[in-house]
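*Asks:* Mind having a look at this structure? Questions to follow.
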Amino acid sequence: MTRNKKFLIAVLIPLLILIGLTIIPVKTMLYGQEILLETRAVDPTDLFRGDYIIVSPKISQIPKTKFPSMELDNNKKIYVLLKQEGPYHVVDSIATTQPQEGLYLEGRIPFYYFDSELVQVDYSLDKYFIPQGSGKQLEDASFRGNLIAKVKVLDGYGLLTDIEIGTERT
């Protein structure tokens with residue numbers, strides 16, 4: 004093999020890997036269904052990375068009663084089927100196998116406490132970078148309970164596309 008071919012292969016392999024990593028997010032952004040999730044924000048700034056928020060969608064804490072006869076283990080993969088109630092999507096049911104139809108998000112149970120009534124589910128929808136200086140405004144909206152996450156969903160993969168301040172709830 005010539006030196007040029009080796010160099011070309013050495014450059015192409017990492018490039019193809021990087022391109023491969025973007026396929027699912029780009030496909031979700033282009034073809035995914037947009038849903039709204041009620042959410043709250045945690046920790047709006049980072050000294051080194053600027054303004055971002057860690058969000059915790061309401062669907063991240065699911066009542067244990069939604070897990071019928073399912074063994075709850077740490078790091079267990081689950082599929083959370085969603086239904087629309089008003090403008091927001093909420094948990095409809097839980098499955099351990101990938102659903103063939105319907106709107107769902109793939110998640111994991113990062114840790115489970117037997118005595119807890121709520122089960123924490125991680126969908127990897129937790130970080131969103133925001134314009135500099137807007138973190139405090141979003142944090143205040145979160146405390147009032149009117150923070151909305153816009154998420155695109157395709158085949159169980161969720162992509163957080165925007166965070167908005169919703170209308171005041173009473």
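Our numbering numbers the first residue of the sequence shown as 4 and each following residue consecutively.
Glycine included, C-beta positions come from ideal geometry on N, C-alpha and C.
Check whether the stretch 104-117 touches the stretch 69-89, counting contact only when three or more Cβ pairs, one atom from each stretch, lie closer than 8 Å.
*Replies:* yes
*Asks:* Can you check the stretch 43-93 for any beta strand (DSSP E) of at least 3 residues that lies completely inside it and give the ranges in chain order?
*Replies:* Along the length of the stretch 43-93, whole beta strand (DSSP E) runs at least 3 residues long occupy 53-60, 64-66, 79-88, reported in chain order.
*Asks:* Does DSSP put residue 121 in a helix, in a strand, or in coil?
*Replies:* Reduced to three states, the DSSP call for residue 121 is strand.
*Asks:* May I ask which residues mark the beginning and end of the beta strand (DSSP E) holding residue 161?
*Replies:* Following the DSSP letters along the chain, one finds residue 161 inside the beta strand (DSSP E) bounded by residues 160-168.
*Asks:* Would you decide whether residue 41 is buried or exposed? Buried here means 16 or more other CB atoms lie within 10 Å of its CB.
*Replies:* buried
*Asks:* What residues in its chain sit with their C-beta under 8 Å from that of residue 125, if we drop five residues either side in the sequence?
*Replies:* 63, 110, 111, 112, 113
*Asks:* Can you tell me whether residue 106 is helix, strand or coil according to DSSP?
*Replies:* Coil.
*Asks:* Check for me: the beta strand (DSSP E) holding residue 151 runs from which residue to which?
*Replies:* Element bounds for residue 151: 150-157.
*Asks:* Check whether the Cβ atoms of residue 133 and residue 34 lie closer than 8 Å to each other.
*Replies:* Remark: C-beta atoms of residue 133 and residue 34 do not approach each other more closely than 8 Å.
*Asks:* Since residue 155 contacts residue 31 with CB under 8 Å, what's their CB separation in whole angstroms?
*Replies:* With a contact defined as Cβ atoms closer than 8 Å, residue 155 and residue 31 qualify at about 5 Å.
*Asks:* Given a threshold of 16 other Cβ atoms within 10 Å of its Cβ, counted over all protein chains shown, does residue 138 qualify as buried or as exposed?
*Replies:* buried
*Asks:* According to the neighbour-count rule (16 or more other Cβ atoms, all chains shown, within 10 Å of its Cβ), is residue 59 buried or exposed?
*Replies:* buried
*Asks:* Where does residue 146 sit, in a helix, a strand or coil, going by DSSP?
*Replies:* Three-state result, residue 146: helix.
*Asks:* If you pair each beta-carbon of the stretch 144-160 with each one of the stretch 20-31, do three or more pairs fall below 8 Å?
*Replies:* yes
*Asks:* For the beta strand (DSSP E) containing residue 131, list its first residue and its last residue.
*Replies:* It spans 130-132 - the beta strand (DSSP E) in which residue 131 sits, taken as one unbroken run.
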